Structures are given as C-alpha cells and as structure tokens.
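For the sequence shown, our numbering gives the first residue as 66, with consecutive numbering after it. Backbone N, C-alpha and C fix where the C-beta goes; we use that ideal spot for every residue, glycine too. From a predicted model like this one, the values you see are computed outputs, not experimental measurements. Here's the structure we're looking at; comments come further down.
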Amino acid sequence: MKIIENVSLKNLNTFKIDVKAKFFCEVTNKEDILELSDEGFFKKKWIILGGGSNVLFLDDFDGIVIKNRISGFEELLKDEEKVIIKANSGELWDVFVDYCVTNSFYGAENLSLIPGTVGASPIQNIGAYGTEVSEIIFSVEYFDIKSKSFRTIEKSLCEFGYRESIFKNDLKNKTIITSVNFKLSVKPNYKLIYKPLSDIFADKEKRSLSEIRNKIIEIRTSKLPDTDVFGNAGSFFKNPEITPDEFERLKREYPDIVSFKTESGNVKISAGWLIEKTGLKGFKKGNVGTYNQQALVILNFGGAKGNEIIQFSEFISAEVLNMFKINLTPEVNIIY
Ligand SMILES: Cc1cc2nc3c(=O)[nH]c(=O)nc-3n(C[C@H](O)[C@H](O)[C@H](O)COP(=O)(O)OP(=O)(O)OC[C@H]3O[C@@H](n4cnc5c(N)ncnc54)[C@H](O)[C@@H]3O)c2cc1C
66 MKIIENVSLK NLNTFKIDVK AKFFCEVTNK EDILELSDEG FFKKKWIILG
116 GGSNVLFLDD FDGIVIKNRI SGFEELLKDE EKVIIKANSG ELWDVFVDYC
166 VTNSFYGAEN LSLIPGTVGA SPIQNIGAYG TEVSEIIFSV EYFDIKSKSF
216 RTIEKSLCEF GYRESIFKND LKNKTIITSV NFKLSVKPNY KLIYKPLSDI
266 FADKEKRSLS EIRNKIIEIR TSKLPDTDVF GNAGSFFKNP EITPDEFERL
316 KREYPDIVSF KTESGNVKIS AGWLIEKTGL KGFKKGNVGT YNQQALVILN
366 FGGAKGNEII QFSEFISAEV LNMFKINLTP EVNIIY
C-alpha cells in the first residue's frame, strides 16, 4: 500500500471542496488497515472516506485520509425465507442495491441510487422512501482501533435511529467498518409506505423489484441535483422532531405544514418545508445557495470554501429558528 503526500481531495468529496490531505492512501483489504495501525497512523489525525458524499471539509486535512476500496460480496446463507449477504465496505451502495435487485433479494430497492459506500450506510442509517438500511442489516464487522482487532456487532447493539447509530456516537473515530452483513427476503416483500409508490404500485401485477428500483431512480434524478454539476451532499440538515404540543401550535399557524408521526409519538417536520417557508428556496449568496427544486440541499456553485458553506447553513438555521423556534441540526459530517 502506497502512502502519498499532499493529495487534493476535490474529486473525493461530492461537495467538491478543494482541500488537500497531508497523507493519503487507499485500502483494499483488512491487511492494509493492520499495516496503518502498525505504522502508528491511528495515533495521529485520520479519517476514512467512502464516496465523500456526506462530509464537508473546512480546511486542509492535517493527517491521513484513507480511501476505502475494500470490495466484494459473498452469500453467507440462503434458505427458502432469506439470504444473508456479506458486502465489503468499499463497495458502492448502489452497486449492492443493483446486485440485490438482479438476484431477487427483497429489502434494499427503496434505497436505490443513494450515493456512497456500503461501509457508510450503517453510520447514519441511510434512509429514503419509507425504508431505513437498519431494516435489512444483520450485523456490522469493523476494525477496533484501540484493541487492534476485528469485531462484529449485532444489529440490536447498533443503536439505530433516524440518521443515527452507535458509529456516530460511542464508536465515532474508534472504528473502521470493513463489511456489513445484510438479511434480505427471498420472498416478495415490498415496502410501499411512501405515497407515490403505493399509488403507482397499488396493482400487485405491476410490482417487481426492478420496476420499483427504476421508479425510485426516476424520482431521485428528477428531484436531486447531480453532484457532477453542482457540489452538494444531499440533505444538509436532518428533519427536526418536535413534541405533539409544539406541533399543534405550529399547525394552527401553518395548516399546510409537512410532517410525519414518529414511533415515539413525536412529530418530524420536513426541514425542506421549513426552509422554503422562510423564502430561502433557491436563495444564493456568493458561491453557495439552496437548490431551487429542494431547499434542503445546499449547493456549491463552484469554488466555495467549507467555511462559506457553514456560514450559509448557519444563516439558514437562524432564519428557521427566528420564524419557527425550531433548531436545525446538520446531517452532513463537518470535518475540521
Ligand atoms: C445527492 C445526494 C443524495 C443523498 N441522498 C441520501 C438519502 O436519500 N438518504 C440518506 O440517508 N443519505 C443520503 N445522502 C447522504 C450520503 O449519500 C450517505 O450518508 C452515504 O451513506 C454516505 O456514504 P459515503 O461512502 O459517501 O460516506 P462518506 O461521506 O465518505 O463518509 C461519511 C462519514 O462516515 C465515515 N465513514 C465512511 N466510511 C466508513 C467506514 N468504512 N468505517 C467507518 N467510518 C466510515 C466518514 O469518516 C465520515 O465521517 C445523499 C447524498 C447526496 C450527495
């Protein structure tokens, strides 16, 4: 494994922030991780990058950036109900979804076209169109930096929540996810909670994994900006959760408020709707702006620095707080 110095990260993060890594390497297997550990790289500043689609670099990275290229899928078990697939963490997430759809494994299709790698999928428990990846995760395998050993954590211990997991909290900066084991159904089992999907696929005859995947790809490409055209990291903020009382107060004032009930009885509010209501959809300041089709996405129109994007996001949060008394928290990982 080669370690190189002064590497531009511009094409390794979808926000297209032009910063440099002091050291850079690509890992293709577990031995590479052990080598980095033996050479003491984890005692200094380090970060592992998948697709760079959920990070915002504020500055040059004064440590080692490890690009994950650990690839491969393996079928661990299959019976008449289910299949367990081990997917290595450097595989592209959508390549994994395509593999599931092609092999008639049910459960990943609603998450089609989410950018990034398999290894990052449990970190924020990626979700879209009525599904979260935790629903199909069986266990996660990782390298534990402190004990220098490879471990497996069962799904029940991963503390999955909305855009949350143990990897964003107790295990943050302490682990490198090497593979994820997924449990998928081999029997038809569609998740059609999302209204447009349930409308389109109401007729059972019309349902198939590839039809659903194609529809989701169509919806996503029409709604989300292409990262090759404008740097972005998808939703910049999480949808905030408020109590039923707070919700009633808002609903009286804004009857058109877009919301979803959560399992805990609270109410999740669409952060995109909140931003839109402040009048900031399509708003641009310097090199940064919100997407004119979806206010929750912040765009780098070219040449923006990480700090410019942070300042813009703080301006948006302040406007939302001022109008609704609701705090927005970033979904994107800010890298100092
Ligand atoms: C256009 C667009 C649309 C998006 N839509 C969605 C969506 O619908 N739903 C959704 O949930 N997300 C969405 N995202 C966000 C993003 O795609 C996901 O968060 C994705 O899982 C990030 O994967 P990545 O490999 O790019 O992670 P990176 O950005 O490379 O890393 C994210 C964080 O995880 C850490 N990390 C990465 N790999 C590992 C590993 N192997 N071990 C330990 N830590 C690791 C990194 O250090 C970093 O802190 C979208 C992003 C974009 C740009």
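Opposing strand residues paired with residue i [DSSP bridges]
i, result
"ASN153", "SER244"
"VAL40", "Given a span of 66 to 401 for the chain in the structure shown, any question on residue 40 remains unanswerable."
"LYS333", "GLU306, PHE325"
"GLU318", "Bridge partners of GLU318: none, in fact."
"SER250", "LYS147, TYR171"
"LYS350", "VAL353"
"LYS85", "SER73"
"VAL362", "SER300"
"LEU262", "Partner(s): none; LEU262 has no beta bridge."
"GLU139", "LYS151"
Beta-carbon contacts of residue i that lie in its chain and below 7 Å, excluding the five residues immediately before and after
i, result
"ILE265", "LYS280"
"ALA10", "Beyond the ends of the chain as shown, which are 66 and 401, falls residue 10; an answer cannot be given."
"SER275", "VAL166"
Residue i CB to nearest heavy atom of ligand 1 below 6 Å
i, result
"THR286", "no"
"ALA152", "no"
"GLN359", "no"
"LEU289", "yes"
"ILE242", "yes"
"PRO261", "no"
"PRO180", "yes"
"SER118", "yes"
"ILE191", "yes"
"ASN76", "no"
"ASN246", "no"
"ASN398", "yes"
"GLY184", "yes"
"LEU114", "yes"
"GLY299", "yes"
"ASN238", "no"
Residue i beta carbon near ligand 3 (any heavy atom closer than 6 Å)
i, result
"THR93", "In the structure on display, ligand 3 does not appear, and the ligands it does have are ligand 1."
8 Å Cβ shell around residue i - same chain, five flanking residues per side excluded
i, result
"SER221", "none"
Same chain only: Cβ atoms within 6 Å of residue i, ignoring 5 sequence neighbours per side
i, result
"THR292", "THR79"
"GLU174", "VAL166, LEU274, ILE277, ARG278"
Unbroken beta strand (DSSP E) runs of length 3 or more, entirely within the region 180-246: which are they? 202-209, 214-219
Run through the region 89-135 for me and flag every whole alpha helix (DSSP H) of 4 or more residues, listed as ranges in chain order. 95-103
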